Structure formats: structure tokens, C-alpha cells
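Trainee: Here you go, one structure.
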Amino acid sequence: RNPLGGIHLTAAVLVVLFPFVSWLYIYINKEIRESWPTHCKTVI
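Sequential numbering from 14 applies to the sequence shown in the numbering used here.
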């Protein structure tokens with residue numbers, strides 16, 4: 014197995030997972046911010 018093949022495989026997996034991970038990150042952030050008290054929202 015050549016190292017370039019592994020890099021290409023990793024890149025392909027990242028490209029596939031990136032939209033899902035970024036959506037999940039934004040969704041979780043939104044949930045956390047809504048559950049925070051309002052004075053925390055003004056700081057960030």
C-alpha cells in the first residue's frame with residue numbers, strides 16, 4: 014500500500030464527512046446557546 018493512496022482515502026472521507034460534521038457542529042452550538050442564560054449570549 015502506497016502512502017498516497019491512504020492520503021487520497023482520508024481526503025475523500027473528509028470531503029464526505031465535512032458537511033455533516035459542520036451541520037452537526039452548528040446544530041449543537043445553536044442548542045447550547047438557546048439553553049444558556051441571556052447574559053452569556055451577550056458576552057459571545
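Ideal Cβ placement from N, Cα and C applies to all residues, glycine included. All of these numbers come straight from a predicted model, not from anything done at the bench.
1. Look up N15 in the DSSP assignment and say whether it is helix, strand or coil.
2. Do you know offhand how far S35's Cα is from K43's?
3. Ordered along the chain, which non-local residues of its own chain (more than five positions away) have a Cβ less than 7 Å from that of H21?
Mentor: Taking the definition as stated:
1. Here residue 15 refers to the residue found at position 2 when the sequence shown is read from its first residue. In this structure, N15 counts as coil in the three-state DSSP scheme.
2. Taking the sequence shown and counting its residues from 1, the one referred to as residue 35 is at position 22. Taking the sequence shown and counting its residues from 1, the one referred to as residue 43 is at position 30. So the alpha carbons of these two residues sit roughly 12 Å apart.
3. On the sequence shown, position 8 is the one that residue 21 refers to. Within the same chain, H21 has no close Cβ partners at all.
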